[in-house]
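Participant: Before anything else, here's the structure in question.
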RNA sequence: GCAGUUGUAGCUCAAUUGGAUAGAGCAUCUGACUACGAAUCAGAAGGUUAGGGGUUCGAUUCCCUUCAACUGCACCA
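Numbering (the numbering used here), first residue to last: 275 to 882.
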């Protein structure tokens, strides 16, 4: 890199990371110069279709409409007033009714490549977006005493990806596993446990020693079916529940045991998915924090008594109004005085506010619970307003159902839920067959690791690469497939890049190589560089929508652009300057691909 | 019954929230390994965006309507 008159340091400081944001700024400055009414003008810069350049700004059209001007004239006035910093980044053209098309100058691409050579450089450039904010991400949240099944996949995978993406953008993230560890079911489990202890102690202890969670899950089913059939057992279960809730040491010990083995079993799956929670504050944690909520809700007039229960109506919303045809209030305390889902969720919001000082709380939960969250958020809004607290941004990241190929929720042939453990194992087995077939030369132990990374990564990626709010059809063939928008395709591109650096005995980002790079020249080189600099846009879009499929799509396109480049332009050429500039492109591609895949929660491979 | 969501190529999905000629992959068809990994690449074909109407410079996107599927509706989470 040649030093500019201002010196290399200031050049680095001023290197543009997010071109769309810089163009946005430039256009706003131009609008001021041109005398636009800034209240009506939003540049609306976005990534453009390739035939229109790198970015397009549509804002002059909307502005002209509102200000009753000719859109093309407005566009011309903007272009004439663009500051020199903007013109140093891109070439501008006016097209059609008044679109502004920007094509980045090769020099701007070169500067970007030079300025962001490492993951920490990307991270610090990205971290301005959410710096200083605290975001709680509430995800996974299985029930104890039950194994995780396929229905728990999406929350875990999407939640982890969102947590990583938001953290990369500079937020302090609190990952909270809001486990279901409290409720009426524990009376039945404890009854069944004690029953098994009395009738066949040896079998119980053996089962608890080998597969504890499976055994508690079995006991729950036993308790459930027995209590359904026998009123005396139902009554006995209720009594066990009351003892548990009033702090009976024996029942508390059993309940703790259930929680411990459950969390330990969950962690094995989380390890595969790259998940580590900061907090595991389940429903039981909020048990003693609920009464204060009732008091405040009543005192502030937000809640009222109805049919013996404590409820909140939202009369301004026809769906939750007391005047609705079939009123559907938010029940925050049941008529029998017990807490429910709503009670603990309200206590949880307060805790996240006071304890973590959360600016945002994201709930990664099945979209079928949309009504619940809508009522919860409306209620919290009124409650916090009445008590003078600042409400965090509350958002339900709803997701669709995983369907089988018959279009019904995915189940085993017997109609049971597929255990998440089994699903990930099957994915690993399928990947293993492929690895054995294609890479028989790799040692056995490494093939096992590769199979796990490809198999589990395929499941994660298949989930993340679709818009989270729609249902999706689970198809093994498509998921483990090596082609198309799949984990294997991306991991293969990464493995090839590692392989290249191994073969050439080169190190990605080696300054001695990079300083020898000549300017980008071929169409494939320029296309790859253009795609690389869009990393910031992919991040921005993913954060704005909290939908990881935008990041997936970008990485897939980047891998495709790279593969095309790699076929068209040979890297290991004689000319040292050409070789150096292509190696630099390869190093950045590897960096962005791996950084992006890690943000999604996937592990990457040096060979496969 | 009321409400919500969804409907895009044969199949599985996108479309930056109103932007330009609606894009990918799979499957199909043509090509490219004496080649830095062919788990790859280049190309072709595939569409009345469920149907109809409206709003405007512009609609898959907003409004109305019909049809279809799914989901939620007082003490489960």
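All residues carry an ideal CB built from backbone N, CA and C; glycine is no exception.
Residue range of the beta strand (DSSP E) that residue 671 falls in?
Facilitator: That run of the beta strand (DSSP E) goes 667-673.
Participant: Less than 8 Å between the beta carbons of residue 403 and residue 448, yes or no?
Facilitator: The answer is no: Cβ separation not under 8 Å.
Participant: Could you pull out every unbroken beta strand (DSSP E) segment of at least 3 residues lying fully inside the segment 368-454, listed in chain order?
Facilitator: 373-378, 408-412 and 446-450, all fully within the segment 368-454.
Participant: Quick check: the Cα distance between residue 281 and residue 848, rounded to an integer number of angstroms?
Facilitator: Low confidence applies to residue 281: its pLDDT is 38, below 50, so where it sits in the model is not reliable, and the reading given next is rough at best. If I take the Cα positions, the gap works out to 32 Å.
Participant: Which class does residue 279 belong to by DSSP, given the choice of helix, strand or coil?
Facilitator: Interpretation of residue 279 is limited by its pLDDT of 38, a score under 50 that renders its predicted location unreliable; the figure taken from the coordinates is listed afterwards. If DSSP states are grouped into helix, strand and coil, residue 279 belongs with coil.
Participant: Look at the alpha carbon of residue 329 and the alpha carbon of residue 863, and state the distance between them as a whole number of angstroms.
Facilitator: Between residue 329 and residue 863, the C-alpha separation is close to 20 Å.
Participant: For residue 605, write down the residues that DSSP places opposite it in a beta bridge.
Facilitator: Beta-bridge pairing links residue 605 to 585.
Participant: Return helix, strand or coil for residue 330, following the three-state DSSP convention.
Facilitator: Of the three classes helix, strand and coil, the one that applies to residue 330 here is strand, per DSSP.
Participant: Taking the alpha carbon of residue 357 as the reference point, which residue from 383, 369, 414 and 304 has its own alpha carbon closest?
Facilitator: The shortest C-alpha separation from residue 357 is found at 304.
Participant: Using DSSP with H/G/I as helix, E/B as strand and the rest coil, what is residue 683?
Facilitator: Three-state DSSP puts residue 683 in a strand.
Participant: The beta strand (DSSP E) spanning residue 579 covers which residue range?
Facilitator: Per DSSP, residue 579 belongs to the beta strand (DSSP E) from 578-580.
Participant: If I'm right that residue 625 touches residue 664 with Cβ under 8 Å, what's the distance once you round it to whole angstroms?
Facilitator: Contact flag wrong, Cβ pair sits at about 15 Å.
Participant: Does the distance from the CB of residue 456 to the CB of residue 507 come in under 8 Å?
Facilitator: In this structure, residue 507 does not lie closer than 8 Å to residue 456 by Cβ.
Participant: Tell me the DSSP secondary structure of residue 320 in three-state form.
Facilitator: The answer is strand: DSSP assigns residue 320 an E or B state.
Participant: Could you check what DSSP says for residue 335 in three-state terms: helix, strand or coil?
Facilitator: Residue 335: helix per DSSP, three-state reduction.
Participant: State the CB to CB distance for the pair residue 694 and residue 424, rounded to an integer number of angstroms; the pair is presumed to be in contact (CB under 8 Å).
Facilitator: Indeed, because the Cβ distance is near 6 Å, the residues count as touching under 8 Å.
Participant: If we ignore side chains and look at the alpha-carbon of each, how far apart do residue 642 and residue 674 end up?
Facilitator: So the two alpha carbons sit approximately 8 Å from each other.
Participant: Would you kindly work out how many angstroms separate the C-alpha atoms of residue 413 and residue 823, rounded to a whole number?
Facilitator: Near 17 Å, if we compare the C-alpha coordinates of residue 823 and residue 413.
Participant: Taking all protein chains shown into account, do 16 or more other C-beta atoms lie within 10 angstroms of the C-beta of residue 277, making it buried, or fewer, making it exposed?
Facilitator: Its pLDDT being 36, under 50, residue 277 is placed unreliably in this model, and the value from its coordinates should be taken loosely. So residue 277 ends up on the exposed side.
Participant: Which runs of the beta strand (DSSP E), 3 residues or longer, sit entirely within the segment 807-838?
Facilitator: Counting only runs of 3 or more, we get nothing.
Participant: Please classify residue 693: does DSSP put it in a helix, a strand, or coil?
Facilitator: In this structure, residue 693 counts as strand in the three-state DSSP scheme.
Participant: Is residue 260 helix, strand or coil when you go by DSSP?
Facilitator: Absent from the structure is residue 260, since the part of the chain shown begins at 275 and ends at 882.
Participant: Could you check the C-alpha separation between residue 876 and residue 461 for me, to the nearest Å?
Facilitator: Answer to the nearest angstrom: the Cα atoms are 39 Å apart.
Participant: Sort 365, 445 and 393 by Cα distance to residue 817 and report the nearest one.
Facilitator: Of 365, 445 and 393, the residue nearest in Cα terms is 445.
Participant: In chain order, what residues of the same chain lie with their CB nearer than 6 Å to the CB of residue 238, ignoring the 5 residues before and after it?
Facilitator: This structure leaves residue 238 out entirely; the chain is present only between 275 and 882.
Participant: Which first and last residues belong to the alpha helix (DSSP H) in which residue 510 is found?
Facilitator: First-last of the alpha helix (DSSP H) with residue 510: 505-519.
Participant: Taking C-beta to C-beta, are residue 430 and residue 549 nearer than 8 Å?
Facilitator: Yes, they are a contact pair.
Participant: Quick test of your reading: residue 231 and residue 880, contact by CB under 8 Å. State the CB separation rounded to the nearest angstrom.
Facilitator: Absent from the model: residue 231. The displayed extent of the chain is 275 to 882, so no value can be given.
Participant: Residue 861 and residue 783: beta carbons closer than 8 Å?
Facilitator: The answer is yes: Cβ separation under 8 Å.
Participant: Helix, strand or coil for residue 747 per DSSP?
Facilitator: Residue state, collapsed to three classes: strand.
Participant: Would residue 491 and residue 420 be called neighbours here (beta carbons separated by less than 8 Å)?
Facilitator: In this structure, residue 420 lies closer than 8 Å to residue 491 by Cβ.
Participant: Which residues bound the alpha helix (DSSP H) around residue 476?
Facilitator: Its alpha helix (DSSP H) spans residues 475-484.
Participant: Could you check where the beta strand (DSSP E) with residue 634 kicks off and where it finishes?
Facilitator: From DSSP, the beta strand (DSSP E) with residue 634 extends over 634-640.
Participant: Check the DSSP bridge columns for residue 677 and list the partner residues they point to.
Facilitator: DSSP output for residue 677 lists 683 and 747 as bridge partner(s).
Participant: In this structure, does DSSP put residue 613 in helix, strand or coil?
Facilitator: Three-state DSSP puts residue 613 in coil, outside helix and strand.
Participant: Skipping 5 residues on each side, what residues in its chain have a beta carbon closer than 8 Å to that of residue 692?
Facilitator: Here the set comprises 423, 424, 684, 685 and 686.
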